[in-house]
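Protein chains: 2
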Amino acid sequence: MADKISHAVIRRLPKYHRYLQELMDRGITRISSRELSDIMGFTASQIRQDFNNFGGFGQQGYGYNVNALHYEIARILGLVGEYNTIIVGAGNLGRALANYSSFEHCGFKLRAMFDIDDTVVGKKINGVKVLHASDMKDFITKENIDIVYICTNKDSAQKTADELITNGIQAIWNFAPVDLIVPDDVVVENVHLIEDLFTLSYFLKGARK
Amino acid sequence: MADKISHAVIRRLPKYHRYLQELMDRGITRISSRELSDIMGFTASQIRQDFNNFGGFGQQGYGYNVNALHYEIARILGLVGEYNTIIVGAGNLGRALANYSSFEHCGFKLRAMFDIDDTVVGKKINGVKVLHASDMKDFITKENIDIVYICTNKDSAQKTADELITNGIQAIWNFAPVDLIVPDDVVVENVHLIEDLFTLSYFLKGARK
DNA sequence: TAGATTGTTAATCGATTAACAATC
DNA sequence: TAGATTGTTAATCGATTAACAATC
């Protein structure tokens, strides 16, 4: 337990969370690593290894309690409380994310959006105000913002990130097609959609040959 | 060269493509693995290994020709021609993707959108018609559709995928929060946004401790 | 108790890094 | 030719899988 958990393990946690949620929804209260292996496609061995990075959540001869395990993983992922979030860039993508209610349901509360375009500033999207980017600094500190979704174009992304970090932001969800340069204590999660599409293209080409 | 290229390598190709594009835009015609290492953050050794999976694109004592290398990677990724695409699900996410012109610029041409909701069917989004899902089968075959973006809710995603595959679709970009079950010759690329957000939450929680 | 299944150590596998001979 | 840098082999590192003793 403890030490440094590998990135590979952490990336699997949300998937465990999702499948355990589904089991709960179906009223299943108990599951073995073998059964979880069957439905998730990881090996039973890997599943046990993964969980044991964080402690012994199971019971020999029985398996895992679905509810308890789900809760533990939620806790590990930091999903027990709420996060305050904002979106920078009220273009198509920013607006789509604002309309996406799944994040809200999981505790990621959208407090405002920011843009520099006067045609959107002042409007509301899904009940959330679009403010001018010049008000961002004040808003972040006053409203205790935890996470920022960067939905600007690629040329503004780094400058935006710099300003956010200066004002204490430690978590950025970056949708702009650039690799942001940030200090060690800031975490960035990139969503580079076009790169996923290219990967798909690679395999499609292979399948056609 | 040849054999089976590892998934890890393939995932890096789009990033090489992006950085080489940038170098081209800046008028740089030549680069060494060492220099590329400096700007991309991969080791020079890894870069050379990666490229050599596909053949010797460099020249000893000189490095790599940026234009030639960029072209080779585009070719490997299958980005030389065009793809016909459709979107299933004209909700917020589907509409955002339809409005996202970057994909078009890279050769992924959106031919139509499909939905079952009469309030959107018949409308146009960014110049693309929203058709009724019942017309999908015909459209796919007539218009030679290569790639489908699934933007339905999670309950409809598998059924949609099944129908698509029955009608010959071999590449799916899945935005619904489920793991689609597909035959071996069908490629699926998942975008599970909420899982990325959970990962961000994990690291943010860690940074705060 | 006997059976089942975890927790955990050891073995294997694959990916990354280092080193260097080949060669432009 | 001398210097630079690739292509490629060997060494290392890390992650996955297998095995099994612990134990519920």
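Chains as they are written, first to last, in this note's numbering: chain E, 372 to 580; chain B, 372 to 580. Glycine included, each C-beta is placed from N, C-alpha and C at the ideal position. Here the structure is a predicted model, which is why all the values come from computation and not from measurement.
With 16 other Cβ atoms within 10 Å as the buried cut-off, status of residue i
| i | result |
| --- | --- |
| B:N545 | buried |
| B:Q473 | Note that residue 473 of chain B corresponds to Ser in the displayed sequence, not to Gln. When all chains shown are included, B:S473 counts as exposed. |
| E:K375 | exposed |
| B:H441 | buried |
| B:G429 | buried |
| B:G449 | buried |
| B:Y573 | buried |
| E:R466 | buried |
Cβ pair residue i, residue j closer than 8 Å
| i | j | result |
| --- | --- | --- |
| B:I536 | B:V559 | no |
| E:V562 | B:L564 | yes |
| B:A445 | B:H388 | yes |
| E:I487 | E:A469 | no |
| E:L491 | E:V501 | Before going further, note that residue 491 of chain E is Val rather than Leu in the sequence given. Yes, the Cβ-Cβ distance between E:V491 and E:V501 is below 8 Å. |
| B:G452 | B:G478 | yes |
| B:F425 | B:I447 | yes |
Nonlocal neighbours in the same chain, by C-beta distance under 8 Å from residue i, ignoring five residues either side
| i | result |
| --- | --- |
| B:K580 | The pLDDT assigned to B:K580 is 43, lower than 50, so where the model puts this residue is not dependable; a value taken from the coordinates is nonetheless given after this. Nothing listed; no residue qualifies. |
| E:K386 | M411 |
| E:G539 | I511, T512 |
| B:G398 | none |
| E:I516 | N455, T456, I457, R482, F510, I540 |
Beta-carbon contacts of residue i that lie in its chain and below 6 Å, excluding the five residues immediately before and after
| i | result |
| --- | --- |
| B:M507 | F485 |
| B:L571 | none |
| E:N497 | A469, N470 |
| E:I518 | Y454, T456, A542 |
| B:L407 | I418 |
| E:E443 | F428 |
| E:S404 | A415, I418, R419 |
| E:V549 | K525, A528 |
DSSP beta-bridge partners of residue i
| i | result |
| --- | --- |
| E:Y520 | E:I458, E:W544 |
| E:A483 | E:I457 |
| B:E560 | B:W544 |
Own chain, CB closer than 7 Å to residue i, minus 5 neighbours either side, in chain order
| i | result |
| --- | --- |
| E:D421 | V380, R383 |
| B:A547 | I521, T523, N524, K525, A528 |
| E:Q392 | H441 |
| B:K494 | V501 |
| B:G577 | none |
| B:A532 | I521, I543, L551, V553 |
| E:L394 | I402, V437 |
**Study point:** Contacting positions in the region 397 to 421 of chain E - beta carbon closer than 9 Å to chain B
**Key:** M411, G412
Review point. Taking Cβ-Cβ distances below 9 Å as the criterion, which residues of the region 536 to 549 of chain E are in contact with chain B?
Key: Q541, A542, I543, W544, P548, V549
Check your understanding: Going along the region 469 to 499 of chain B in order, which residues come within less than 8 Å of chain E, judged by CB to CB distance?
Key -> N470, Y471, S473, F474, C477, F479
Practice item. Select from the region 373 to 388 of chain B all residues with a C-beta closer than 8 Å to any C-beta belonging to chain E, and list them in chain order. Key: I381, R382, L384, P385, K386, H388
Check your understanding: Given a limit of 9 Å on CB to CB distance, which residues of the region 555 to 580 of chain B reach chain E?
Key -> D556, V557, V558, V559, E560, N561, V562, H563, L564, I565, E566, D567, L568, F569, T570, L571, S572, Y573, F574, L575, K576, G577, A578, R579
Review point. Which residues, in chain order, does the region 427 to 449 of chain E contribute to contact with chain B at a C-beta distance below 8 Å?
Key: I447, L448, G449
Check your understanding: Using a Cβ cut-off of 7 Å, which residues of the region 515 to 528 of chain E contact any Cβ in chain B, in chain order?
Key -> D517, I518
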